[in-house]
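First residue of the sequence shown: 1, per the numbering used here; consecutive thereafter.
By construction, the Cβ of each residue, glycine as well, lies at the ideal position given by its N, Cα and C atoms.
Just so it is clear, the structure is predicted and the values come from calculations on it, not from any experiment.
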Amino acid sequence: MTSIKSLIPYMRPLSVKSYSQCLKSSAATTTTSKPATTTTTTKTTTTTTSTQAPAGKLTYRGADISSLPMLESSGIKYSDNGQTLAFETILKNHGMNTARIRIWTAGTYNLNYGLALAKRIKAAGMTLIVDLHYSDTWADPAHQSIPSGWPTDLAGLNTKIWTYTKDLVTSFSSQGTPIDILQVGNEINDGLLWPVGKISTNGFSPASQLLNSAINGAKAAASPKIMIHIANGWNWSGVSWFFNGIYIQGALASTAVDIIGVSFYPFYDSGATLANLKTSLTNAANTYGKPIVVAETDWPVSCSGGPSLTEPSIPISAAGQQTWVGDVRTVLQGLPGGKGQGILYWEPGWIGNANLGSGCGDNLIVSSTGATRTSINMFSANM
């Protein structure tokens with residue numbers, strides 16, 4: 001088995017610092033300069049996976065399983081009730097119907113890696129979400145670096161992100177695994193492709209233009225649904241600041257976005273409570289009228305010496321994982337107009353990186369040997 005040390009560059013950075021410390025709470029000055037012109041070509045019609053939800057369940061019940069092929073290459077296997085199976089098969093057998101994979105512009109999680117995993121996800125009959133980081137490495141509220149070799153001016157980046165996104169979407173369609181939901185950027189509270197698209201530095205206009213160019217590129221190739229994803233979904237002040245600013249005439253239009261995605265973790269900020277999530281997402285549903293997905297979450301089974309969790313009444317255990325996810329589902333199901341539509345558990349099988357970037361030791365739904373925990377049932381019973 002490959003040493004876990006060899007996988008360190010591809011692990012999410014460990015941090016218990018509040019995400020909100022990485023974000024700007026005050027509105028940056030916005031501009032209304034016209035974005036670089038992008039060329040629109042004829043759309044290619046694709047067939048997407050059905051996402052009709054059974055009564056009482058969310059439309060998208062899933063997980064981010066991006067690390068799976070890397071882990072398997074190191075010798076890791078997964079089992080359910082003593083039977084060794086592909087992890088996506090185990091998840092599907094327990095009710096999961098959606099899988100997300102991240103794509104970097106370089107490194108392990110590159111296009112070819114994503115294309116291979118997409119074949120497995122589609123073969124399992126799942127909805128495919130592709131999460132574009134637009135970076136050679138992790139993109140999050142504190143990191144949004146321009147890929148090496150990309151332009152470093154706004155005009156050049158508008159052209160590059162249009163072409164890159166169009167070509168990537170085409171690649172997925174061409175191999176028979178069309179993207180169902182395309183996530184343009186990862187936790188982009190302060191923009192993307194820094195420093196050019198950094199909102200706190202340059203206002204909303206560059207980021208709005210870049211997102212518009214990316215979406216136009218995607219729509220020139222196929223017709224995926226478009227998700228915009230930010231961190232701290234519990235923080236209505238931050239959510240409203242972002243979405244009130246990012247839609248700019250001549251750049252990104254509200255009509256170009258199909259789904260609002262948010263991260264919601266119990267580790268990084270004392271304000272990340274279920275009550276605050278309910279308030280924030282209710283306001284978002286009423287204000288923006290978009291379907292909402294909790295695109296990243298998890299809960300620990302062990303947290304000795306770790307951070308204080310925002311819902312102390314929920315046990316730190318596999319049962320607690322199901323309770324947490326069930327409570328998030330309750331919030332989503334209570335949103336007006338049926339706007340709450342999905343939950344994605346972040347990397348539930350990442351053996352060797354079980355803290356998943358938090359200060360808690362283990363947030364997985366499998367043991368260190370790859371055997372499923374009882375929380376595997378969250379996808380059928382709690383989503």
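Inter-residue spacing [alpha-carbon to alpha-carbon] between residue i and residue j
| i | j | result |
| --- | --- | --- |
| Trp241 | Lys278 | 17 Å |
| Gly62 | Thr98 | 4 Å |
| Pro178 | Leu111 | 14 Å |
| Gly352 | Gln249 | 46 Å |
| Leu465 | Asn355 | Lying outside 1 to 383, the shown extent of the chain, residue 465 is not represented and no answer is given. |
| Gly107 | Ser135 | 10 Å |
| Ala318 | Ala155 | 49 Å |
| Gln175 | Val130 | 15 Å |
| Glu296 | Trp162 | 26 Å |
| Ser368 | Leu332 | 31 Å |
| Thr323 | Gly197 | 38 Å |
| Ala207 | His143 | 15 Å |
| Arg373 | Thr310 | 23 Å |
| Trp350 | Leu71 | 7 Å |
| Gly370 | Thr287 | 43 Å |
| Ile343 | Leu192 | 24 Å |
| Ser304 | Gly271 | 21 Å |
| Leu211 | Val184 | 7 Å |
| His94 | Thr255 | 35 Å |
| Val328 | Gly320 | 12 Å |
| Ile65 | Ile121 | 10 Å |
| Thr59 | Ala381 | 14 Å |
| Ile246 | Ile199 | 9 Å |
| His133 | Lys160 | 14 Å |
| Leu91 | Ile376 | 7 Å |
| Gln209 | Lys119 | 32 Å |
Rounded distance between the beta-carbons of residue j and residue i, thought under 8 Å
| i | j | result |
| --- | --- | --- |
| Ala221 | Thr170 | 4 Å |
| Gly261 | Ile228 | 7 Å |
| Asn186 | Gly238 | That pair is no contact at about 16 Å. |
| Cys360 | Ser302 | 7 Å |
| Pro151 | Leu182 | About 22 Å; that fails the 8 Å criterion. |
| Leu168 | Leu117 | About 14 Å separates the two Cβ atoms, so there is no contact after all. |
| Ser280 | Trp236 | 4 Å |
| Met126 | Phe379 | Actually they are not in contact, since the Cβ atoms of Met126 and Phe379 sit about 11 Å apart, beyond 8 Å. |
| Ser148 | Trp194 | With a Cβ gap of about 14 Å, Ser148 and Trp194 do not count as contacting. |
| Asp298 | Tyr345 | 6 Å |
For residue i, the first and last residue of its enclosing alpha helix (DSSP H)
| i | result |
| --- | --- |
| Val239 | 236–246 |
| Thr330 | 318–333 |
| Lys77 | Run containing Lys77: none; DSSP gives neither H nor E here. |
| Lys225 | Element bounds for Lys225: not the alpha helix (DSSP H) but the beta strand (DSSP E), 225–230. |
| Leu91 | 87–93 |
Assigned secondary structure, residue i (DSSP; H/G/I helix, E/B strand, else coil)
| i | result |
| --- | --- |
| Gly203 | coil |
| Gln144 | coil |
| Leu128 | strand |
| Arg373 | coil |
| Thr42 | With a pLDDT of only 34 at Thr42, under the threshold of 50, the placement of this residue in the model should not be trusted; the figure read from the coordinates follows. Coil. |
| Lys57 | coil |
| Leu344 | strand |
| Ile161 | helix |
| Gln209 | helix |
| Ala123 | helix |
| Asp167 | helix |
| Thr282 | helix |
| Glu72 | helix |
| Gly82 | coil |
| Ala63 | strand |
| Lys198 | strand |
| Ser368 | coil |
| Ile215 | helix |
| Ala139 | coil |
| Phe379 | helix |
| Ser263 | strand |
| Ile4 | Per-residue confidence for Ile4 stands at a pLDDT of 36, beneath the threshold of 50, marking its modelled position as unreliable; no derived number is given. |
| Gly149 | coil |
| Ser302 | strand |
The beta strand (DSSP E) enclosing residue i, as first and last residue numbers
| i | result |
| --- | --- |
| Thr273 | Careful: Thr273 lies outside any beta strand (DSSP E) and carries neither H nor E. |
| Leu428 | For the chain, the structure presents residues 1 to 383; residue 428 sits outside this window and is missing. |
| Gly349 | No beta strand (DSSP E) contains Gly349, which DSSP labels as neither H nor E. |
| Thr98 | 98–103 |
Counted within 10 angstroms of its Cβ, other Cβ atoms place residue i as buried (16 or more) or exposed
| i | result |
| --- | --- |
| Asn81 | exposed |
| Pro35 | Only weak support exists for where Pro35 lies, its pLDDT of 33 falling under 50; the coordinates are left without a value. |
| Ala275 | exposed |
| Asn363 | buried |
| Ala218 | buried |
| Pro266 | buried |
| Thr165 | buried |
| Ala214 | buried |
| Ala139 | buried |
| Pro348 | buried |
| Thr330 | exposed |
| Gln341 | buried |
Short CB-CB distance (under 7 Å) between residue i and chain C
| i | result |
| --- | --- |
| Ala354 | Within the model displayed, chain C is absent; a lone protein chain is all it includes. |
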